[in-house]
């Protein structure tokens, strides 16, 4: 069933009755995204919060110099969105692009608000998920300030082995904030 993975993800954070789980899932709409297709582009407003059923996405910005900077990747059983654009309804600074054919479940702002009113535990769910996301961002920021590029690379491949095989060295380098050439040096034994 399409929603089984979403329900499993939710149950990592809170317990819902079967009725509430089914009702919650009803607010999400499935979308198929082709490889290289954008789910969000810089300058548009993020109208969704997404849950990845299949595939892999990169979330990135293009800086003033035209350089691509990858903030994170999202694979099966991960969430993706531009929280600033979604919450504040302002143009996004981010791009979200499928790196392979993918499927996502999307919920819009109106439905998320209705969901909070119809299932009060949903607000707790998204609060817990937001807290976990903040912890992950904080840890990454600390690593970026306190670890060498080589240490960050090894942490990435050790922590996310299921992602590494889907990515090019250029994409990994962009995520790590280093050049492709420097990554090649790091990878040499």
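Numbering (the numbering used here), first residue to last: 1037 to 1225.
Positions of the beta carbon are idealized from the N, C-alpha and C atoms, including for glycine.
Just so it is clear, the structure is predicted and the values come from calculations on it, not from any experiment.
DSSP three-state call for residue i: helix, strand or coil?
{"i": "residue 1084", "result": "coil"}
{"i": "residue 1153", "result": "helix"}
{"i": "residue 1173", "result": "helix"}
{"i": "residue 1138", "result": "strand"}
{"i": "residue 1130", "result": "coil"}
{"i": "residue 1119", "result": "helix"}
{"i": "residue 1192", "result": "helix"}
{"i": "residue 1074", "result": "strand"}
Can you tell me which of the options puts its alpha carbon nearest to the alpha carbon of residue i?
{"i": "residue 1062", "options": "1158, 1216, 1078, 1069", "result": "1158"}
{"i": "residue 1109", "options": "1173, 1221, 1225", "result": "1173"}
{"i": "residue 1124", "options": "1145, 1190, 1059", "result": "1145"}
{"i": "residue 1189", "options": "1052, 1213, 1166", "result": "1213"}
{"i": "residue 1074", "options": "1224, 1132, 1156", "result": "1132"}
With a threshold of 8 Å on Cβ separation, who are the neighbours of residue i within its own chain once the five nearest residues in sequence on each side are excluded?
{"i": "residue 1216", "result": "1205, 1206, 1209"}
{"i": "residue 1139", "result": "1066, 1067, 1068, 1069, 1088, 1089, 1090, 1091"}
{"i": "residue 1136", "result": "1071, 1091, 1092, 1202"}
Could you name the residues of the same chain whose beta carbon sits closer than 6 Å to that of residue i, not counting the 5 residues immediately before and after it, in chain order?
{"i": "residue 1151", "result": "1063, 1158"}
{"i": "residue 1154", "result": "none"}
{"i": "residue 1142", "result": "1065, 1067, 1084, 1086"}
Measuring CB to CB, does residue i end up less than 8 Å from residue j?
{"i": "residue 1116", "j": "residue 1086", "result": "yes"}
{"i": "residue 1168", "j": "residue 1050", "result": "no"}
{"i": "residue 1113", "j": "residue 1045", "result": "yes"}
Can you find the residues in the same chain that come closer than 7 Å, C-beta to C-beta, to residue i, ignoring five residues on each side of it along the sequence?
{"i": "residue 1082", "result": "1076, 1117, 1118, 1121, 1122, 1128"}
{"i": "residue 1193", "result": "1200"}
Assign residue i to one of two classes, buried (16 or more other C-beta atoms within 10 Å of its C-beta) or exposed (fewer than that).
{"i": "residue 1180", "result": "exposed"}
{"i": "residue 1171", "result": "exposed"}
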